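A.B. asks:
There are 2 protein chains.
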Amino acid sequence: MNLALLFDEDFIADDRVRLTGRRLAHLHSVLKVDTGDEIPVGRVNGDIGTGEILHLTDAVAELRVRLDRQPPPALPLTLVLAMPRPKMFRRILQTCATLGVKDLWLINSYKVEKSFWQTPWLGDEPLRDNLTLGLEQARDTVMPRVQIRKLFKPFVEDELPGLLAGKRALVAHPGTDTPCPSQLNQATALCIGPEGGFTPYEVGKLAEAGCEAVHLGPRILRVETAVPVLVSRLFDACL
Amino acid sequence: MNLALLFDEDFIADDRVRLTGRRLAHLHSVLKVDTGDEIPVGRVNGDIGTGEILHLTDAVAELRVRLDRQPPPALPLTLVLAMPRPKMFRRILQTCATLGVKDLWLINSYKVEKSFWQTPWLGDEPLRDNLTLGLEQARDTVMPRVQIRKLFKPFVEDELPGLLAGKRALVAHPGTDTPCPSQLNQATALCIGPEGGFTPYEVGKLAEAGCEAVHLGPRILRVETAVPVLVSRLFDACL
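Which chain is which? The protein sequence lines are A and B, in order. Take the first sequence: its letter number 44 is residue 44 in our numbering, and every next letter is one higher. Take the second sequence: its letter number 180 is residue 180 in our numbering, and every next letter is one higher.
Here it is, written out as structure tokens:
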């Protein structure tokens, strides 16, 4: 927790917050703060700054906050991910939030197992909690928007062309001849398939919608590695 | 397992191997192969190619292998990592192997907790097993060399200057003014600190040894995210 992310319900006055639960435990056990200490804080979808510990007990911490700086810039990226295996999913959510992804679409694909959609991590609260952890890691405040589309074809035919308008559109696909471009640093939409990749049919449909298939070299990466590798390659000036 | 990595003890003739254990289970439960099918294989520290399933039972698989291509190129990187928290360590090992890191040094640092060095994952066999999983993911065969240095000062004073000879040397340090360079694509040594970073004393010692401190922007990344982000930024032509 490189920053404590503050939500509306934490505020008891314009410049006062009360923290309990996970964030309080972190103040005690990791940061080991005392009254008078300052910690980095940020208001969800707002500015970042510092919080001074006014009172601290085992039950609650009260802080006076001063929010006077903007959070780091967002990536100009629409990330379309085939729904990952649940045991990877939490970590991928956190990584996306840490890297500054703000527009995340989770879609179906032939190799996405039906059971993946049953994971409790897709609930509103677990989604928010894991994105919060990722934002706190990066000292960011802007909550990513996550959209879930459990049908591939209607998404790709009806929604994706609109999403791609005005953007460079790519699909990461190990089988193709074109290497992934570097340092685009422009509005981009990027599709990443499941373990085993999109099927040829799916790559064809993504191409029809306007996505160019690109590869990352001979190494096949797990999705959780491909996301930071691709983000770093496409947006070195934005990280 | 995008490739089955073969060890000397698997070979029963020049072109025949027997697989048991994890790799056999994967053939049955994930790849669902039959006699006559071919799978990608590679010999540790040797070539890659295909293996044809000759016999398959619940106890053993026998394959005829043809190894006729080189594995993907290695990264020209010496990676010096402060020993990560054990629950992250396995994943980081696998990620390093997948990305093509061949020269990995695990070192001590003030913020590395003593208990981290007690992890069973540092044993020879678990190290090899996790690096194997990372290589198999990337269809690589060349086993990374892992060196363990539990004393910071003797390593940095006596060994590091020699390691850096002929290389661009960097230490990733969030507090500094110089942004990390892009697309070096040359022999490089890169030091990455623990959670919370190297101390100013440690950054000073690394600088004395020849490392330039560079940052990755305002976002603070977990080590497991920083490794692929930095590798992708430094070596886009090598991935």
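A virtual CB, placed ideally from N, CA and C, is assigned to each residue, including glycine. Computed from a prediction, not measured in an experiment: that's the story for all the values here.
For B:Glu202, count neighbouring C-beta atoms within 10 Å of its own C-beta (all shown protein chains included) and say buried if the count is 16 or more, exposed if not.
C.D. replies: Residue numbering aside, residue 202 of chain B sits at position 202 when the second sequence is read from its first letter. Per the 10 Å Cβ criterion, buried.
A.B. asks: Do three or more CB pairs link the segment 191-208 of chain A to the segment 68-83 of chain A at distances below 8 Å?
C.D. replies: Short answer: they touch.
A.B. asks: Which chain A residues sit within Cβ distance under 7 Å of B:Leu190?
C.D. replies: What you label residue 190 of chain B is simply residue 190 of the second sequence in a count that begins at 1. The premise fails here: B:Leu190 is roughly 14 Å from chain A at the closest Cβ pair, so nothing lies under 7 Å.
A.B. asks: Under 9 Å between the Cβ atoms of A:Leu298 and B:Leu99?
C.D. replies: Because chain A here runs from 1 to 239, residue 298 of chain A falls outside it and cannot be looked at.
A.B. asks: With distances taken between CB atoms, is the gap from B:Pro40 to B:Arg128 smaller than 9 Å?
C.D. replies: In the second sequence, counting from the first residue as 1, residue 40 of chain B sits at position 40. In the second sequence, counting from the first residue as 1, residue 128 of chain B sits at position 128. For B:Pro40 and B:Arg128, no; Cβs fall outside 9 Å.
A.B. asks: Could you tell me the boundaries of the beta strand (DSSP E) in which A:Glu202 lies?
C.D. replies: Numbered from 1 along the first sequence, position 202 holds the residue referred to as residue 202 of chain A. First-last for A:Glu202: 200-209, but that is the alpha helix (DSSP H), not the beta strand (DSSP E).
A.B. asks: Less than 9 Å between CB atoms is the rule here; does B:Arg233 satisfy it with respect to chain A?
C.D. replies: Within the second sequence, numbered from 1, the residue matching residue 233 of chain B stands at position 233. Closer than 9 Å to some Cβ of chain A, the Cβ of B:Arg233 qualifies, so yes.
A.B. asks: Taking the straight line between their C-alpha atoms, what separation do you get for B:Cys211 and B:Val171?
C.D. replies: Here the question's residue 211 of chain B lines up with position 211 in the second sequence. Here the question's residue 171 of chain B lines up with position 171 in the second sequence. Distance between the alpha carbons of B:Cys211 and B:Val171: 6 Å.
A.B. asks: Is it a yes or a no for the segment 111-120 of chain A touching the segment 1-9 of chain B, going by three-plus beta-carbon pairs under 8 Å?
C.D. replies: With a cut-off of 8 Å, the segment 1-9 of chain B and the segment 111-120 of chain A do not count as touching, because too few Cβ pairs lie within range.
A.B. asks: Among the candidates B:Arg23, B:Arg66, B:Leu5, whose CA atom is the shortest distance from the CA of B:Ala13?
C.D. replies: Locating residue 13 of chain B in the second sequence gives position 13, counting from the first residue. If we check each option's Cα against that of B:Ala13, B:Arg66 comes out closest.
A.B. asks: Below 7 Å CB to CB, which residues in the same chain sit around A:Asp37 once its five sequence neighbours on both sides are set aside?
C.D. replies: Residue mapping note: residue 37 of chain A aligns to position 37 of the first sequence, counting from 1. Counting only Cβ-Cβ distances below 7 Å, and skipping sequence neighbours, we find Ile53.
A.B. asks: Quick one: what's B:Asp103 bridged to in DSSP?
C.D. replies: For the purposes of this step, residue 103 of chain B is taken as the residue at position 103 of the second sequence. Beta-bridge pairing links B:Asp103 to B:Thr78, B:Arg145.
A.B. asks: Taking Cβ positions, are B:Leu27 and B:Leu56 nearer each other than 9 Å?
C.D. replies: Looking up residue 27 of chain B in the second sequence gives position 27. Looking up residue 56 of chain B in the second sequence gives position 56. Cβ distance < 9 Å, so B:Leu27 and B:Leu56 count as in contact.
A.B. asks: Within 9 Å (strictly less), CB to CB, does B:Phe220 reach chain A?
C.D. replies: Translated into positions along the second sequence, residue 220 of chain B becomes position 220. With the sequence shown as reference, residue 220 of chain B is identified as Ile, and Phe is not the correct amino acid for it. It does: the Cβ of B:Ile220 has a partner Cβ on chain A nearer than 9 Å.
A.B. asks: Would you list the one or two residues that DSSP bridges to A:Cys191?
C.D. replies: The sequence position of residue 191 of chain A within the first sequence is 191, counting from 1. Partner(s): A:Val80, A:Val171.
A.B. asks: What residues of chain A sit near B:Arg139, judged by a beta carbon separation below 8 Å?
C.D. replies: Here residue 139 of chain B corresponds to residue number 139 of the second sequence, with the count starting at 1. Chain A residues near B:Arg139: Pro218, Arg219, Ile220.
A.B. asks: For B:Ala97 and B:Met143, what's the separation of their Cα atoms in angstroms?
C.D. replies: Numbered from 1 along the second sequence, position 97 holds the residue referred to as residue 97 of chain B. Numbered from 1 along the second sequence, position 143 holds the residue referred to as residue 143 of chain B. When rounded, the distance between both Cα atoms is 8 Å.
A.B. asks: State the DSSP-derived secondary structure class of B:Ala138, mapped to helix, strand or coil.
C.D. replies: The residue given as residue 138 of chain B occupies position 138 in the second sequence. Reduced to three states, the DSSP call for B:Ala138 is helix.
A.B. asks: Going along chain A, which residues have a C-beta under 7 Å from B:Leu236?
C.D. replies: By one-based count along the second sequence, residue 236 of chain B stands at place 236. Note that residue 236 of chain B corresponds to Asp in the displayed sequence, not to Leu. Simply Ser182, Arg233.
A.B. asks: I need the straight-line Cα distance from A:Lys87 to B:Asp158, nearest angstrom please.
C.D. replies: Within the first sequence, numbered from 1, the residue matching residue 87 of chain A stands at position 87. Within the second sequence, numbered from 1, the residue matching residue 158 of chain B stands at position 158. So the two alpha carbons sit approximately 42 Å from each other.
A.B. asks: Can you pull the chain B residues whose beta carbon is under 8 Å from the beta carbon of A:Pro72, in chain order?
C.D. replies: As a working note, residue 72 of chain A is residue 72 in the first sequence. Going along chain B in sequence order, the residues near A:Pro72 (Cβ under 8 Å) are Gly217, Pro218, Arg219.
A.B. asks: Taking just the CA atoms, how far does B:Asp34 sit from B:Ala59?
C.D. replies: On the second sequence, residue 59 of chain B is found 59 positions in, with the first residue counted as 1. On the second sequence, residue 34 of chain B is found 34 positions in, with the first residue counted as 1. Rounded to the nearest angstrom, the two C-alpha atoms are 14 Å apart.
A.B. asks: What is the DSSP secondary structure of A:Leu63, reduced to helix, strand or coil?
C.D. replies: Taking the first residue of the first sequence as position 1, residue 63 of chain A is located at position 63. DSSP places A:Leu63 in strand when its eight states are reduced to three.
A.B. asks: Buried or exposed for B:Arg145, going by 16 or more other Cβ atoms inside 10 Å?
C.D. replies: Here the question's residue 145 of chain B lines up with position 145 in the second sequence. Exposed, by the Cβ-count rule.
A.B. asks: Answer with yes or no whether the minimum CB distance from B:Leu230 to chain A is below 9 Å.
C.D. replies: Counting from 1 along the second sequence, the entry for residue 230 of chain B is found at position 230. Output row for B:Leu230: interface = yes.
A.B. asks: Determine, using beta carbons only, whether A:Gly21 comes closer than 9 Å to chain B.
C.D. replies: One-based indexing of the first sequence puts residue 21 of chain A at position 21. It does not: the Cβ of A:Gly21 has no partner Cβ on chain B nearer than 9 Å.
A.B. asks: Would you report the Cα separation of B:Leu184 and B:Lys167, rounded to the nearest angstrom?
C.D. replies: Translated into the one-based positions of the second sequence, residue 184 of chain B becomes position 184. Translated into the one-based positions of the second sequence, residue 167 of chain B becomes position 167. Cα to Cα, B:Leu184 sits roughly 11 Å from B:Lys167.
A.B. asks: Between A:Arg149 and the rest of its own chain, which residues show a CB-CB distance below 6 Å, the 5 nearest in sequence each way excluded?
C.D. replies: The sequence position of residue 149 of chain A within the first sequence is 149, counting from 1. Cβ within range, chain order: Ile107, Phe155.
A.B. asks: What does B:Thr98 touch in chain A if you count any residue whose Cβ is under 9 Å from its own?
C.D. replies: By 1-based counting over the second sequence, the position of residue 98 of chain B is 98. Here the neighbours are Arg219, Ile220, Leu221, Arg222, Thr225.
A.B. asks: Can you give me the Cβ contacts of A:Ala74 inside the same chain, cut-off strictly under 7 Å, excluding the 5 residues immediately before and after it?
C.D. replies: Here residue 74 of chain A refers to the residue found at position 74 of the first sequence. Around A:Ala74: Gly100, Lys102, Val142.
A.B. asks: Cα separation between B:Pro181 and B:Ser232?
C.D. replies: Along the second sequence, read from residue 1 onward, the residue named residue 181 of chain B stands at position 181. Along the second sequence, read from residue 1 onward, the residue named residue 232 of chain B stands at position 232. Going by the C-alpha atoms only, they are around 11 Å apart.
A.B. asks: Assuming B:Val223 and B:Ile192 make a contact with CB atoms under 8 Å, what is their CB distance in whole Å?
C.D. replies: If you number the second sequence from 1, residue 223 of chain B lands on position 223. If you number the second sequence from 1, residue 192 of chain B lands on position 192. Between B:Ile192 and B:Val223 the Cβ distance is about 6 Å, and since that is below 8 Å, they are a contact.
A.B. asks: So is A:Gln137 buried or exposed if we call it buried at 16+ other beta carbons inside 10 Å?
C.D. replies: In the first sequence, counting from the first residue as 1, residue 137 of chain A sits at position 137. Counting Cβ neighbours within 10 Å, A:Gln137 comes out buried, since at least 16 surround it.
A.B. asks: Go through its chain and collect everything with a Cβ distance to A:Leu160's Cβ below 7 Å, but skip five positions before and after it.
C.D. replies: Indexing the first sequence from 1 puts residue 160 of chain A at position 160. These residues qualify, in order along the chain: Ala209.
A.B. asks: Compute the Euclidean distance between the alpha carbons of B:Gly21 and B:Gly42, then round it to the nearest angstrom.
C.D. replies: On the second sequence, position 21 is the one that residue 21 of chain B refers to. On the second sequence, position 42 is the one that residue 42 of chain B refers to. If I take the Cα positions, the gap works out to 17 Å.
A.B. asks: Can you say whether A:Arg91 is buried or exposed, counting buried as having 16 or more other CB atoms within 10 angstroms of its CB?
C.D. replies: As a first step, residue 91 of chain A must be located in the first sequence, where it is residue number 91. Classification for A:Arg91: buried.
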